[in-house]
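Beneath this line is the structure, given in structure tokens, with notes to follow.
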Amino acid sequence: MEKTVVKAINVLEMLARDSRPRALGEIASSCDITKSNAHRLLATLTELDFVRQVPDDRTYEVTLKLWELGMRVFERFDIRPIAAPHLRALQDKTDESVHLSIFDDGHAVYVDKLDSSHALRAYIRIGERAPAAHTATGRAMLAFLDEAAFLSASHDLKRHTLLTMMTPEALRAAIGDVRSQGYALTRGEWREGVVGVAAPIRTRSGAVMAGIGVAGPTERMTDEALTHAIDTVLATARAIAADLERSMS
């Protein structure tokens, strides 16, 4: 096994796991290598655009290039056929609009959906891009993605309704709640009068593959309906993740 390659991958994995940029000494200590060795590896990784140096304090962080490569691999494993029967079951159990999303450059992109049978319903277009900061599936994914993903979602927050969360600090607190609860809940932040509940679909290693959500009008999303939607969405996300793992093994 080529030791230099192993060390470089260890550095990348260490930075990717961390929620903040790290100094040279911290990286060397964490990866059990010398500072000079760490400096050489970081210089190469920076030149290849896998790592960037933060100008203000000369710390290091991973770039989105790792995520871009991961997305190319993800595209080979189209999650939609695997998720489709679960999406149908979720719609049957909630009778609200349900959708499957992936994360892309600060947005939740809807890749599949089923509409509610009600005349008054949350409408979603396949291929539509919605701000991850203000949607339930977006936040569900953001909570378990890296700092680069958070920055891409929070750097240019725009108001969509009177309830839209407008500061990165508030968003960070909200996704902290998602991380502890396992699900995201939004109320009228992206579209007025629409309540969304979502959970991330994650692999056994913790990688976020997609998000699955339910959206309905405020008047139907009562406390009882929300409790049912939350439990059902969480169970559905786990079921899809299990099927996805089996398909990739």
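The numbering used here numbers the first residue of the sequence shown as 282 and each following residue consecutively. The beta-carbon is built from N, C-alpha and C at its ideal position, and this holds for glycine as well.
Taking the beta strand (DSSP E) that glycine 387 belongs to, which residues open and close that run?
By 1-based counting over the sequence shown, the position of residue 387 is 106. That residue, glycine 387, is in no beta strand (DSSP E); it is neither H nor E in DSSP.
Range covered by the beta strand (DSSP E) that runs through leucine 466
Position 185 of the sequence shown, counted from the first residue, corresponds to residue 466. That run of the beta strand (DSSP E) goes 465-468.
What residues are listed by DSSP as bridge partners for valine 495?
Taking the first residue of the sequence shown as position 1, residue 495 is located at position 214. DSSP lists Val379, Val478 as partners of valine 495.
Identify the continuous beta strand (DSSP E) that holds proline 412 and give its terminal residues.
Taking the sequence shown and counting its residues from 1, the one referred to as residue 412 is at position 131. Start and end: 410-412.
Status (buried if at least 16 other CB within 10 Å, exposed otherwise) for isoleucine 290:
Numbered from 1 along the sequence shown, position 9 holds the residue referred to as residue 290. Burial call: exposed.
Identify the residues that DSSP records as bridge partners of lysine 439: which are they?
Taking the first residue of the sequence shown as 1, we reach residue 439 at position 158. According to DSSP, which records beta bridges pairwise, lysine 439 is partnered with nothing at all.
Between which two residues does the alpha helix (DSSP H) containing glutamate 526 stretch?
Your numbering for residue 526 matches position 245 in the sequence shown. Per DSSP, glutamate 526 belongs to the alpha helix (DSSP H) from 504-529.
Relative to the alpha-carbon of aspartate 337, which residue among Ala370, Ala319, Pro302, Cys312 has its alpha-carbon at the smallest distance?
Here residue 337 corresponds to residue number 56 of the sequence shown, with the count starting at 1. Ranking the options by Cα distance to aspartate 337, first place goes to Pro302.
Arginine 333 - containing beta strand (DSSP E), residue span:
As a position in the sequence shown, residue 333 is number 52, starting the count at 1. From DSSP, the beta strand (DSSP E) with arginine 333 extends over 332-334.
Counting pairs of beta carbons, one from the stretch 397-412 and one from the stretch 421-430, are three or more of them closer than 8 Å?
no
Where does glutamate 328 fall in DSSP's three states?
Here residue 328 is taken as the residue at index 47 of the sequence shown, counted from 1. Three-state result, glutamate 328: helix.
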